[in-house]
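Chemist:
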Amino acid sequence: MQPSTFFQSLFAFTLLFPLALCGDGEKAYVQVINNTPHSISGVGVVHKYSNVYKEEHVYDILQPGQWSSPFEVTYNTGWLTTGRDWWLVLGHNDNDPIGKNSMSQFYTDPENFQDIINWLESAAPTLIGAALTAAEILQPELAAVTAVAGVAAEALCTAMLNDAATAGYKQHILTDEDKGKVLQIWINNDGTVNFISPSGRSDTEYETRQVGLGL
């Protein structure tokens, strides 16, 4: 290779290499199905593509067998793309009554990660209490379940979205096959959650905990 050709190639590589690392901002869609015999309120989904793209969405209620409306997520594909898609799902089983001081909350927990449990027991009540107060829900045991669960889910999802950590999230990587397609999230009655998209399937479990309401 002549020196001039070599330096031209090197110059082109230095221009294109950062673009290769960034990849393309692709779009996919997410739909949740309640595959349980009871309604679920405050169904929240958090998606992180590493620290590049972050989205969250909360549905007021999903009846048994009901599909949610889709929402859009962004991810990268391309040569040398190294990012990963991380997911967290949470909600409230409407069969569990909401008390004056606490409510049940389920959340996906692939590895029984203690930090999430600790966070729910420590930081979550303050966040939920502030959100309920702002929404003027001061007697949650008397309010509509969907209202309380929805406010709690929004508070939790926003906090998790703003935290850079992905420990405790489930990995399901979106690829070129998923461009413009739907990722299905199945919440099952046996304590499992399935992530199903054209590129593949990932399975995890969810755990239910009592969460303080901070009022």
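UniProt numbering puts the last residue of the sequence shown at 215; the count rises by one with no breaks.
For every residue, glycine included, the Cβ atom is placed at its ideal position computed from N, Cα and C.
Owing to the predicted nature of the structure, the values given are computational and were not obtained by experimental measurement.
Which parts of the stretch 62-146 are runs of the beta strand (DSSP E), unbroken and 3 residues or longer, counting only runs that do not cross its ends?
Modeler: Positions of the beta strand (DSSP E) runs, each at least 3 residues long and wholly inside the stretch 62-146, are given as 71-77, 85-93, 102-108 in order along the chain.
Chemist: Would you please state the rounded distance, in angstroms, between the beta carbons of S68 and Y59? I believe it to be under 8 Å.
Modeler: Looking up residue 68 in the sequence shown gives position 68. Looking up residue 59 in the sequence shown gives position 59. Indeed, because the Cβ distance is near 5 Å, the residues count as touching under 8 Å.
Chemist: Where do the N-terminal and C-terminal ends of the beta strand (DSSP E) with D203 fall, by residue?
Modeler: To locate residue 203, count along the sequence shown from 1; it is residue 203. Element bounds for D203: 200-212.
Chemist: Hey, could you find the ends of the beta strand (DSSP E) S39 is sitting in?
Modeler: The sequence position of residue 39 within the sequence shown is 39, counting from 1. Annotation: S39 is outside any beta strand (DSSP E) and is labelled neither H nor E by DSSP.
Chemist: Could you give the uninterrupted runs of the alpha helix (DSSP H) lying entirely in the stretch 150-206, keeping only those of 4 residues or more?
Modeler: Counting whole runs of 4 or more residues, the stretch 150-206 contains no alpha helix (DSSP H) stretch at all.
Chemist: Which value, in whole angstroms, describes the spacing of the CA atoms of A134 and D85?
Modeler: Residue numbering aside, residue 134 sits at position 134 when the sequence shown is read from its first letter. Residue numbering aside, residue 85 sits at position 85 when the sequence shown is read from its first letter. Going by the C-alpha atoms only, they are around 32 Å apart.
Chemist: With a Cβ-Cβ cutoff of 8 Å, do L183 and L90 count as a contact?
Modeler: Counted from its first residue, the sequence shown places residue 183 at position 183. Counted from its first residue, the sequence shown places residue 90 at position 90. Cβ distance not < 8 Å, so L183 and L90 don't count as in contact.
Chemist: Can the beta-carbon of Y49 be found closer than 8 Å to that of G83?
Modeler: Stepping through the sequence shown from its first residue, residue 49 is reached at position 49. Stepping through the sequence shown from its first residue, residue 83 is reached at position 83. Their beta carbons are under 8 Å apart, which means Y49 touches G83 by this criterion.
Chemist: Given this structure, state the Cα-to-Cα distance separating D115 from T192, to the nearest angstrom.
Modeler: As a working note, residue 115 is residue 115 in the sequence shown. As a working note, residue 192 is residue 192 in the sequence shown. Whole-angstrom Cα-Cα distance: 20 Å.
Chemist: Could you tell me the alpha carbon to alpha carbon distance between Y131 and T158, rounded to whole angstroms?
Modeler: Walking along the sequence shown from the start, residue 131 turns up at place 131. Walking along the sequence shown from the start, residue 158 turns up at place 158. A quick correction: the sequence has Ala, not Tyr, at residue 131. Their backbone Cα atoms lie some 11 Å apart in a straight line.
Chemist: Roughly how many whole angstroms lie between the Cα atoms of T36 and E136?
Modeler: Locating residue 36 in the sequence shown gives position 36, counting from the first residue. Locating residue 136 in the sequence shown gives position 136, counting from the first residue. If I take the Cα positions, the gap works out to 31 Å.
Chemist: Can you tell me which residues form a DSSP beta bridge with N34?
Modeler: Indexing the sequence shown from 1 puts residue 34 at position 34. N34 is bridged to I187.
Chemist: V46 and L161 - do their beta-carbons sit closer together than 8 Å?
Modeler: Within the sequence shown, residue 161 is the residue found at index 161, counting from 1. Within the sequence shown, residue 46 is the residue found at index 46, counting from 1. Contact flag set, yes.
Chemist: Could you name the residues of the same chain whose beta carbon sits closer than 8 Å to that of E111, not counting the 5 residues immediately before and after it, in chain order?
Modeler: Mapped onto the sequence shown, residue 111 falls at position 111. Within the same chain, G168 come within 8 Å of E111 by CB-CB distance, once the 5 residues on both sides are set aside.
Chemist: Tell me whether the beta-carbon of G129 lies closer than 8 Å to the beta-carbon of L62.
Modeler: Looking up residue 129 in the sequence shown gives position 129. Looking up residue 62 in the sequence shown gives position 62. Contact: no.
Chemist: Return the CA-CA distance between G78 and I173, expressed in angstroms with no decimal places.
Modeler: Counted from its first residue, the sequence shown places residue 78 at position 78. Counted from its first residue, the sequence shown places residue 173 at position 173. Spanning the two alpha carbons is a distance of roughly 13 Å.
Chemist: Have a look at C22 and D163 and give me their C-alpha separation to the nearest angstrom.
Modeler: As a first step, residue 22 must be located in the sequence shown, where it is residue number 22. As a first step, residue 163 must be located in the sequence shown, where it is residue number 163. Low local confidence applies: a pLDDT of 48 at C22 is under 50, so the model's placement there is unreliable, with the coordinate-based value given in what follows. For C22 and D163, the distance between alpha carbons rounds to 22 Å.
Chemist: Whose CA, out of A147, V52, E56, lies closest to the CA of I98?
Modeler: Within the sequence shown, residue 98 is the residue found at index 98, counting from 1. Selected option, being the one with the closest Cα: A147.
Chemist: What are the residues that DSSP puts in a beta bridge with residue 225?
Modeler: Look at the range of the chain in this structure, 1 to 215, and you will see that residue 225 is not part of it.
Chemist: From G200 to G150, what distance separates their C-alpha atoms?
Modeler: Locating residue 200 in the sequence shown gives position 200, counting from the first residue. Locating residue 150 in the sequence shown gives position 150, counting from the first residue. Straight-line Cα distance between these residues: approximately 30 Å.
Chemist: Hey, out of V52, N95, N51, whose CA is closest to S39's CA?
Modeler: Here residue 39 is taken as the residue at index 39 of the sequence shown, counted from 1. Nearest C-alpha to S39: N95.
Chemist: Just tell me which of N93, I33, D109, K181 has its CA closest to the CA of E72.
Modeler: As a position in the sequence shown, residue 72 is number 72, starting the count at 1. Nearest option by C-alpha distance: K181.
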